[in-house]
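Asks:
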Amino acid sequence: MDLLTVHGPTPLHGEVTVPGAKNSISKLLVASMLSDEESHFCNVPSIGDTQITIDICAGAGMNLERGDRGLSVQTASLADASISPQLAERNRLSVMLLAPLLNRCGEAIVPFAGGDRIGARPIDFHLDGYARLGATIEIHNGHYRATASRLRGATIALPYPSVTATENLLMAATLAEGTTVLSNAAIEPEVTDLVLFLQKMGARIDLGPDRTYVIEGVATLHGATHDVMPDRLVAASYGAAAVATGGDLFVRGARQRDLISFLSALQRAGGRFAVDTEGVRFSGGELRAVSIETSVHPGFMTDWHPPFATLLTQAHGTSVIHETVFEDRFAYADQLSKMGADIEIFDLCMGDSTCRFREGGHRHSAVIRGRAPLAGCDVHVPDLRAGFTYLMAAVIAKGESRITGIEELDRGYESVDEAFKGAGAMIERTTLPTETVGAGAAAVVGA
Ligand code: EPU
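Here is the structure:
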């Protein structure tokens, strides 16, 4: 287990580079398994989550060869219709394997998914969708068993535009017999990246103006080559960190078109940015309070909110964040308060809209009063985005902070300590001897 020791405050200056998107490469790897031919990916992020997904896919029969930021993969045959529970608990990807396993083997045995603990995160939309496509689903102790001699096209209306349910059902429908109409679906850029790759593989997918995909099933798909889109979550994280520390940072690879609502919120809060063809430059200003409501694309995305909340601790006035995507995303607030942030969490809908979490006591709105001086302290990372938040807070804070649970951070941010160091932060990474590792450090599970 690694520890980061950070001495602050330091404004971030210089340049960082955004790698390929974690939430894109993981689905692209699974999609490649729909074919027995070879596929090639460029701009592959070197992060813990990519390795976890590779382990899951390799366990089911995928072979791979690594290049410089590239991966060549091929699943000539599927080794087994089942996924090991030890691998499955490490991220949320195992349920996506239903698509290649059912289409190519007619059977899939998939353990319950892991993932960041940011809400209940059921997979009922996935399973209901597969049932509509003609699969028989049995729920056993700790795993699902799905069978189908061949999936059949169907009309599926998602109750909410879930990202992974959309991706899962899109993949499944590409090889189903007949036409599938998937409505109220997700249109996040990572979903579009998957659609682009599936089209290159020979899939027939159309997207209407109202979040509706129409997929005409084909008999086989072939291999394809694809550049993984840049990670817009990482881009926004570094942008927020630059602004909150009063720095000036060029985020190479950040794409304006993926960041519209983030840039708009940043502007309202007094942060500055300048777009050029290679990326976006972010710099600090006199920060002021704003109200934010997270939403599905093209709204302000849920993963941007933890770093943005840390930025708002440095803004003058009272800010509000209404989280409408996950019901339990403020677990990081207690430790941020320990560092001096003034954050209060409420179970009310504190935004323009009432959301699914209005009833049931879900603590999903925050009031942040600023500007609060932060002081260094010891914190443990509960989930990926919270991890970045603590690192960012530690760079803003006066004094020393010691951050444990770094494996969580490494799952989604490539060489994050080196990137911060290169931008002027004072950070040391130490590997702790095993006997000093406490409970809570054992399992790295995520997104
Ligand atoms: N939902 C259900 N039933 C389902 C599926 C979803 O009730 O069957 C609910 C969820 O509980 C949640 C909402 O629908 O309240 C939206 O969840 P969604 O399915 O869209 O999220 P996800 O697919 O589990 C992905 C990303 C998350 C990102 C969200 C939202 C991956 C592997 N994860 O999660 O990324 O926050 O979409 O954009 O793609 C991260 O990278 O740190 C991360 C958490």
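In my numbering, each residue carries its 1-based index in the sequence shown increased by 159.
The beta carbon of each residue, even a glycine, is placed where N, CA and C say it ideally should be.
#1: Please confirm whether residue 323 and residue 255 have their CB atoms less than 8 Å apart.
#2: Tell me whether residue 571, by its Cβ, gets closer than 7 Å to a heavy atom of the ligand EPU.
#3: In the structure shown, what three-state DSSP assignment does residue 598 receive?
#4: Note down the Cα distance separating residue 450 from residue 364, rounded to an integer number of angstroms.
#5: Does the Cβ-Cβ distance between residue 408 and residue 171 come in under 8 Å?
#6: Work out the CA separation of residue 384 and residue 359 for me, nearest whole Å.
#7: For the beta strand (DSSP E) containing residue 572, list its first residue and its last residue.
#8: Does the region 342-353 touch the region 378-395, meaning 3 or more C-beta pairs lie closer than 8 Å?
#9: Take residue 212 and list the residues in its own chain whose beta-carbon comes closer than 6 Å to its own, dropping the five residues that flank it on each side.
#10: Determine which residues share a DSSP beta bridge with residue 585 and list them.
#11: Measuring CA to CA, which of 228, 219, 217, 182 is closest to residue 202?
#12: I'd like to know if the region 408-424 and the region 438-446 are in contact, where contact means that at least 3 CB-CB pairs between them fall below 8 Å.
#13: What is the DSSP secondary structure of residue 411, reduced to helix, strand or coil?
#14: Could you compute how far the alpha carbon of residue 174 sits from the alpha carbon of residue 225?
#15: For residue 467, name the three-state secondary structure that DSSP assigns.
#16: On the DSSP bridge list, what partners appear for residue 341?
#17: Under 7 Å from any heavy atom of the ligand EPU, does the C-beta of residue 345 make it?
#18: Using 7 Å as the cut-off, classify the Cβ of residue 485 as near or not near the heavy atoms of the ligand EPU, replying yes or no.
#19: Where does residue 285 fall in DSSP's three states?
#20: Going by other Cβ atoms of all chains shown within 10 Å of its Cβ, with 16 needed for buried, is residue 622 buried or exposed?
#21: Should residue 341 and residue 329 be called a contact, given that it needs their Cβ atoms to be closer than 8 Å?
#22: What do you reckon, is the C-beta of residue 280 under 7 Å from a heavy atom of the ligand ZN?
#23: Are the region 553-569 and the region 417-427 touching by the rule of at least three beta carbon pairs closer than 8 Å?
#24: Excluding the 5 residues preceding and the 5 following residue 366 in the sequence, name in chain order all residues of the same chain whose CB lies nearer than 6 Å to its CB.
#25: Return the CA-CA distance between residue 486 and residue 321, expressed in angstroms with no decimal places.
#26: Just to confirm the assignment, what range does the alpha helix (DSSP H) spanning residue 212 have?
#27: In angstroms with no decimal places, state the Cα-to-Cα distance between residue 167 and residue 580.
#28: Which same chain residues end up closer than 8 Å to residue 583 when comparing Cβ atoms and leaving out the 5 residues on each side of it in sequence?
#29: Please go through the same chain and pick out, in chain order, the residues whose beta-carbon is closer than 6 Å to the beta-carbon of residue 556, but skip the five residues on each side of it.
#30: Let me make sure I understand the geometry here. Which of 179, 263, 305 has the alpha-carbon closest to that of residue 607?
#31: Would the beta-carbon of residue 177 be found less than 7 Å away from any heavy atom of the ligand EPU?
#32: For residue 461, verify whether its CB is less than 7 Å away from any heavy atom of the ligand EPU.
#33: Give the C-beta separation of residue 218 and residue 191 to the nearest angstrom, bearing in mind that I take them to be a contact with Cβ-Cβ under 8 Å.
#34: Checking 8 Å against the spacing of the C-beta atoms, do residue 309 and residue 346 come in under that value?
#35: Using three-state DSSP, classify residue 546 as helix, strand or coil.
#36: How about residue 502 and residue 525: do their beta carbons lie closer than 8 Å?
Replies: Once the coordinates are examined:
#1: yes
#2: yes
#3: Bear in mind that a pLDDT of 38 at residue 598, under 50, signals an unreliable position, so the number given afterwards is only what the model happens to contain. Residue 598 falls in the coil class under three-state DSSP.
#4: Looking at the two C-alpha atoms, the distance is approximately 37 Å.
#5: Cβ atoms of residue 408 and residue 171: closer than 8 Å.
#6: 8 Å
#7: From DSSP, residue 572 is part of no beta strand (DSSP E); its letter is neither H nor E.
#8: yes
#9: 185, 188, 252
#10: 166
#11: 228
#12: yes
#13: strand
#14: 27 Å
#15: helix
#16: 315, 372
#17: yes
#18: yes
#19: helix
#20: As shown, the chain starts at 160 and ends at 606. That puts residue 622 outside it, with no answer to give.
#21: yes
#22: The ligand ZN is not part of the structure shown, which contains the ligand EPU as its ligands.
#23: no
#24: 372
#25: Cα to Cα, residue 486 sits roughly 14 Å from residue 321.
#26: Going by DSSP, residue 212 is part of the alpha helix (DSSP H) stretching over 207-218.
#27: 12 Å
#28: 169, 170, 171, 172, 173, 406
#29: 167, 498, 533, 534, 535
#30: The requested residue 607 does not occur in the structure, where the chain is confined to residues 160 to 606.
#31: no
#32: yes
#33: At roughly 15 Å, the Cβ-Cβ gap does not stay under 8 Å, so residue 218 and residue 191 are not in contact.
#34: no
#35: DSSP, reduced to helix, strand and coil, places residue 546 within a helical segment of the structure shown.
#36: yes
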